[in-house]
Amino acid sequence: MTTAAAAGLLRELDRDGLVSRCENRVSARHGRPEATWAVTDAGRVDSMPLPPSGQQQLAMPQLAPAPTFRTRGGLSMEQLMGLLNVEFDCMLEQMDREHQAAQQRARHEFEAFRQRALRVWGAAEASA
1 MTTAAAAGLL
11 RELDRDGLVS
21 RCENRVSARH
31 GRPEATWAVT
41 DAGRVDSMPL
51 PPSGQQQLAM
61 PQLAPAPTFR
71 TRGGLSMEQL
81 MGLLNVEFDC
91 MLEQMDREHQ
101 AAQQRARHEF
111 EAFRQRALRV
121 WGAAEASA
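This is the structure:
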């Protein structure tokens with residue numbers, strides 16, 4: 001999920017009164033203030049959501065029934081949460097692909113280093 005997509009969802013949830021913007025905090029990572037958000041009483045749920053479909057299923061309670069009102073975009077909260085889960089699954093898949101590619105690069109680099117070390121070692125033994 002992109003930062004812009006998350007910001008858009010937070011703004012929409014703010015318009016619906018489900019979250020409220022709190023004080024900014026300084027981000028050491030980005031060197032600038034970042035907005036913080038809090039759930040309002042209207043947006044509070046009784047239990048945690050289930051993990052995304054691609055992840056290991058943990059024993060977690062079900063969400064409280066979602067209200068039936070529609071947001072300005074015409075999507076219900078259930079549809080917005082479904083969209084958020086799809087975005088999160090896509091983000092996890094992308095991170096997994098990037099991680100696998102990084103591991104493969106590291107394996108290739110190590111093998112190349114090992115080959116160079118064996119050649120240097122062989123040359124050192126030959127000259128001795």
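If you count by my numbering, then the sequence shown holds residues 1 to 128, one letter each, in order.
The beta-carbon is built from N, C-alpha and C at its ideal position, and this holds for glycine as well.
Alpha carbon to alpha carbon, what distance is there between Thr3 and Leu10?
Translated into positions along the sequence shown, residue 10 becomes position 10. Translated into positions along the sequence shown, residue 3 becomes position 3. Roughly 11 angstroms between the two C-alpha positions.
Expressed to the nearest angstrom, what Euclidean distance is found between the alpha-carbon atoms of Glu23 and Gln94?
Here residue 23 refers to the residue found at position 23 when the sequence shown is read from its first residue. Here residue 94 refers to the residue found at position 94 when the sequence shown is read from its first residue. Distance between the alpha carbons of Glu23 and Gln94: 32 angstroms.
Hey, how far is the Cα of Ala6 from the Cα of Leu92?
In the sequence shown, the residue the question calls residue 6 occupies position 6. In the sequence shown, the residue the question calls residue 92 occupies position 92. Spanning the two alpha carbons is a distance of roughly 15 angstroms.
First and last residue of the alpha helix (DSSP H) that includes Glu23?
Looking up residue 23 in the sequence shown gives position 23. Taken as a continuous stretch (DSSP letters only), Glu23 belongs to no alpha helix (DSSP H), as it is neither H nor E.
CA-CA distance, Arg107 and Arg29?
Within the sequence shown, the letter at position 107 stands for residue 107. Within the sequence shown, the letter at position 29 stands for residue 29. Answer to the nearest angstrom: the Cα atoms are 29 angstroms apart.
Would the beta-carbon of Ala38 fall within 8 angstroms of that of Val19?
Start at 1 with the first residue of the sequence shown, and residue 38 comes out as number 38. Start at 1 with the first residue of the sequence shown, and residue 19 comes out as number 19. The answer is yes: Cβ separation under 8 angstroms.
Can you tell which of Arg25, Asp14, Pro33 has its C-alpha closest to the C-alpha of Asp41?
As a working note, residue 41 is residue 41 in the sequence shown. It is Asp14 whose Cα lies nearest to the Cα of Asp41.
Give me, in chain order, the residues of the same chain whose beta-carbon lies closer than 8 angstroms to that of Arg25; leave out the 5 immediate sequence neighbours on both sides.
Position 25 of the sequence shown, counting from 1, holds the residue named residue 25. Correct list, in chain order: Pro33, Glu34, Thr36.
Considering only the alpha carbon of each residue, which of Phe88, Ala102, Ala128 lies closest to Met1?
Locating residue 1 in the sequence shown gives position 1, counting from the first residue. Per the Cα distances, Phe88.
Anticipated Cβ contact below 8 angstroms, Glu12 with Gly74, distance rounded:
For this step, residue 12 is matched to residue 12 along the sequence shown. For this step, residue 74 is matched to residue 74 along the sequence shown. About 11 angstroms separates the two Cβ atoms, so there is no contact after all.
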